[in-house]
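Novice: Here it is, the structure in full.
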Amino acid sequence: MNQVSNLQRVLVAVGGSANGHVAVDYSIQLANRYGCRLVGIDIVDDDDTELAIYGVADEAAEAERQREIRQLRERARQNLDAFQQRCSAAGIQTDCCGKKGDVAEQLLTEAQRSDLIILSRETPFDSATSANTILGKLLHEASRPMITVPLALPQEDNVLVAYDGSRSAGQALFAFVALGIGGDRKVHVATAAFSAESARLIAQPAFDFLELHGIDCQLHAIEAENQVERALLSLAAELDAGLLVAGACGHSRIREFLLGSFTQKLIEASHLPLFLFH
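Under the working numbering, the sequence shown has 769 at position 48, and the numbering climbs by one with no breaks.
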């Protein structure tokens, strides 16, 4: 039986990485739970092939580049076909979207038609560029929240909200509540600060907001100044969390092209799906 939520259309990056199928697994779980439509997307960037990056010296090299592009397009078609077959077998409404061009730009555009983006924590496409470049750009420019999926999905169902009182954390919490994907779960709000009392004061508005919307929640004040991400992940394990909600916290050293240090550490260390919104 579908739970009540505001999820209507979820964009799923299906291609490329070795664990791209895990993003599909997670999206199917979400669709079974909330009755939303899934839209699979795979993107081929003709200018992001190995030969395009290093330059084409002659006709033979150009022919090889075109062969590489054809292979990537065929692989994208196969990825989308497999996605559609899996969704059809599960009785889920689905669409497929094959695109050409810059991966991040195509995702940013298509995300405007959706409520949520789901993608692998690694680059979800056959790309010669850095995963952090694509994910970082999405985090800083996407108009929709995203869930990044680890190598394997947890069995636990509780939710941990990492809250620091920042605008980014507030937006992530608001998006999570607005989508209605927390009403049927136990939600824990955690803040880390130099003292437990300070942490509680920071977390209280988030707790009050969740209670306002009828969500079963609990507040956790953590006394920690260093290695905050480790403390949060340890708490997540204690609470049997299956999803971690966080804003794109931290300060980027190279503008929008890198993730903030806190978010980056969470992505690297967490074995949980991360609900992120900047």
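The C-beta atom is built at its ideal place from N, Cα and C for all residues, glycine as well. These figures come from a predicted structure and were not determined experimentally.
Among the residues of its own chain, which have a CB less than 7 Å from the CB of alanine 825, if the five just before and after it don't count?
Specialist: Within the same chain, alanine 825 has close Cβ partners Ile855, Lys858, Leu859.
Novice: Taking the alpha helix (DSSP H) that glycine 891 belongs to, which residues open and close that run?
Specialist: It spans 888 to 900 - the alpha helix (DSSP H) in which glycine 891 sits, taken as one unbroken run.
Novice: Check threonine 984 in the structure and name its three-state DSSP category.
Specialist: Threonine 984: helix per DSSP, three-state reduction.
Novice: Across the stretch 906 to 920 and the stretch 880 to 892, are there enough close Cβ pairs to call them in contact, namely three or more that are closer than 8 Å?
Specialist: Yes, since at least three Cβ pairs between the stretch 906 to 920 and the stretch 880 to 892 fall closer than 8 Å, the two stretches touch.
Novice: Can alanine 927 and leucine 956 be called in contact, C-beta distance under 8 Å?
Specialist: Going by C-beta atoms, alanine 927 is not nearer than 8 Å to leucine 956.
Novice: Hey, quick one: how far does the alpha helix (DSSP H) through isoleucine 936 stretch, first residue to last?
Specialist: It is not in any alpha helix (DSSP H) - isoleucine 936 carries neither H nor E in the DSSP assignment.
Novice: Nearest by alpha-carbon distance to phenylalanine 996: which of Ala924, Ile943, Leu840, Ala952 is it?
Specialist: Comparing Cα-Cα distances from phenylalanine 996 to each of Ala924, Ile943, Leu840, Ala952, the minimum goes to Leu840.
Novice: If distances are taken between C-alpha atoms only, which option among Glu989, Tyr755, Val743, Ala810 comes closest to glutamate 729?
Specialist: Looking at the sequence provided, one finds glutamine at residue 729 rather than glutamate. Nearest of Glu989, Tyr755, Val743, Ala810 to glutamine 729, Cα basis: Tyr755.
Novice: When you measure from the CB of threonine 869 to every non-hydrogen atom of the ligand NAD, does any distance come out below 7 Å?
Specialist: The ligand NAD is not part of the structure shown, which contains no ligands of any sort.
Novice: For a test of the three-state rule: what should DSSP assign to arginine 757, helix, strand or coil?
Specialist: Here residue 757 turns out to be cysteine, not arginine, going by the sequence shown. Here cysteine 757 sits in coil by DSSP.
Novice: Quick check: the Cα distance between aspartate 847 and leucine 940, rounded to an integer number of angstroms?
Specialist: With a pLDDT of 48 at aspartate 847, under the threshold of 50, the predicted position of this residue should be treated as unreliable, though the coordinate-derived value follows. In a straight line, the C-alpha of aspartate 847 is about 41 Å away from that of leucine 940.
Novice: Taking arginine 798 as the reference, give the member of Ala781, Asp763, Ile838 with the closest Cα.
Specialist: The residue with the shortest Cα to Cα distance from arginine 798 is Asp763.
Novice: Could you check if alanine 967 is buried or exposed, using at least 16 other CB atoms within 10 Å of its CB as the buried criterion?
Specialist: Buried, since its Cβ has 16 or more Cβ neighbours within 10 Å.
Novice: Please identify the residue among Ala899, Leu965, Asp767 whose C-alpha is closest to the C-alpha of threonine 869.
Specialist: When each option's Cα is compared against that of threonine 869, the closest is Leu965.
Novice: Could you check if glycine 935 is buried or exposed, using at least 16 other CB atoms within 10 Å of its CB as the buried criterion?
Specialist: Result: exposed.
Novice: Evaluate contact between the stretch 831 to 839 and the stretch 780 to 791, counting only Cβ atoms and requiring at least three cross-stretch pairs below 8 Å.
Specialist: Touching, no, given that fewer than three Cβ pairs across the two stretches are closer than 8 Å.
Novice: Do leucine 793 and valine 760 come within 8 Å of each other at the CB atom, strictly closer than that value?
Specialist: Cβ distance not < 8 Å, so valine 760 and leucine 793 don't count as in contact.
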